[in-house]
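Numbering (the working numbering), first residue to last: 335 to 718. Structure record follows, encoded as structure tokens.
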């Protein structure tokens, strides 16, 4: 992400300089100083903000939220200029101005409306391996809440709980990144709201990379292990279950299936966006028969191939990607910057009788905005 921002800043800076020189050659020079100040301030905003935040002894929740909004301001000032420069290059100045205005409107719309416009997607998964007792099981799946960056945490979580409960799930699963930086984001108010989630087979949670405390700057004050253990303890006090690299058994109608949870290993922080992640997941299934139908929760979708190689994951549920909070759809064709980084990045994938579903998440990271990649709640119905 840092490389992308640097490349974007260099590109916009070069185009600003080119535009400025053209204006200098024309008679309209009145905007010279204001333009220089505006362009320099916005182009260098990520570097200035990064330098200031780098001087802080720790990255508090408020600090990270402020950085998120600063980056949004950067996008709001830079992307419309890129749209303008593209059309202006072909002599379409008025078209460029219109494109710049439309880009700004979309960015504001994504932050004001689309950011909290939940999409409830219904999916049916069929398998001959599913026992009769679980035929018709309704799983409500959500992911990546990132409490610390929610603009109105209590309001947004209450709406989430109401929406999930109205879907009448048999099982609720959450696939990681409950908090953004530290466990204290799951405070008493958040615990009270989220503990209201109910289902006959319970609420099961997964540990994501943001839950492990690897982004805490002052690890002397809050060690990684303390952060994770504290977050797990708070979730269990809410009544949520967390199969931590282990497998549990679900019983319904006299039949049994297995439910496995793969927790993110902090040692693989740098690999979290790689197409392949070398985490050891074998312990999750140790001593577990391959005979029963298996549901696996894995925050990282990149682990799906290895899960299937071990003979598990009839249904694997993941999150993590958010579709990078930007997704375009034209018919069945979908595009997101996430395609450049991930083999599988959003929605449903089926291979050799197994299904992976990647939920686009609820919260937001980096910038408080979603375009096309609406916050998602997935209803998965299992059928024989």
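Positions of the beta carbon are idealized from the N, C-alpha and C atoms, including for glycine.
- In the three-state scheme derived from DSSP, where H, G and I count as helix and E and B as strand, residue 373 is classed as helix.
- Using a Cβ distance threshold of 9 Å, residue 697 and residue 511 count as a contacting pair.
- By the C-beta density criterion, residue 424 is exposed, having fewer than 16 other C-beta atoms within 10 angstroms.
- With contacts defined by Cβ atoms closer than 9 Å, residue 506 and residue 536 form a contacting pair.
- With contacts defined as CB atoms closer than 9 Å, residue 405 and residue 434 fail to qualify as a contacting pair.
- Comparing alpha carbon positions, the residue from 484, 504, 475 and 414 closest to residue 396 is 484.
- Note that the stretch 649-662 touches the stretch 704-716; at least 3 beta-carbon pairs, one per stretch, sit closer than 8 Å.
- Between the stretch 451-468 and the stretch 629-638, the count of C-beta pairs closer than 8 Å stays below three; the two stretches do not touch.
- Between the beta-carbon of residue 509 and that of residue 475 there is about 7 Å, and that keeps the pair under the 8 Å contact cut.
- Between residue 595 and residue 579, the CB-CB gap stays under 9 Å.
- Annotation note: the stretch 379-429 contains the following uninterrupted alpha helix (DSSP H) runs of length 4 or greater, listed N- to C-terminal: 379-388 and 395-423.
- Only residues of its own chain outside the window of five on either side were considered, and among them 483, 700, 701 and 702 have a CB closer than 7 Å to the CB of residue 402, listed in chain order.
- In the structure shown, the three-state DSSP call for residue 462 is coil.
- Measuring C-alpha to C-alpha distances from residue 477 to each of 619, 643, 691 and 717 identifies 691 as the nearest.
- CA-to-CA, the gap between residue 556 and residue 681 works out to about 35 Å.
- Secondary structure at residue 436: helix, using DSSP grouped into helix, strand and coil.
- Among the bridge pairs identified by DSSP, residue 696 is matched with none.
- If you look at residue 650, you'll find it in the beta strand (DSSP E) that goes 649-652.
- Of the candidates 712, 687 and 431, 687 places its Cα closest to the Cα of residue 464.
- Counting only the Cα atoms, residue 543 lies some 7 Å from residue 603.
- DSSP lists 669 as the beta-bridge partner residues of residue 662.
- Taken through DSSP and simplified to helix, strand or coil, residue 506 comes out as strand.
- Here residue 472 carries a strand assignment [DSSP, helix/strand/coil].
- In the three-state reduction of the DSSP assignment, residue 521 falls in the coil class.
- Taking all protein chains shown into account, residue 679 has 16 or more neighbouring C-beta atoms within 10 Å of its C-beta and is therefore buried.
- Looking at 538, 461, 559 and 487, the one whose alpha-carbon comes closest to that of residue 717 is 461.
- Following the DSSP letters along the chain, one finds residue 585 inside the beta strand (DSSP E) bounded by residues 580-586.
- Residue nearest to residue 562 within the set 609, 529 and 514 is 514 (criterion: CA-CA distance).
- In the structure shown, residue 596 falls within a strand segment according to DSSP collapsed to helix, strand and coil.
- A residue is called buried once 16 or more other Cβ atoms fall within 10 Å of its Cβ, and residue 694 is buried on that count.
- Residue 593 and residue 576 have their alpha carbons spaced roughly 11 Å apart.
- Residue 490 carries a helical assignment under DSSP once its states are collapsed to helix, strand and coil.
- Relative to residue 491, the option among 530, 567 and 453 whose CA is nearest is 530.
- With fewer than 16 other beta carbons inside 10 angstroms of its own, residue 625 counts as exposed.
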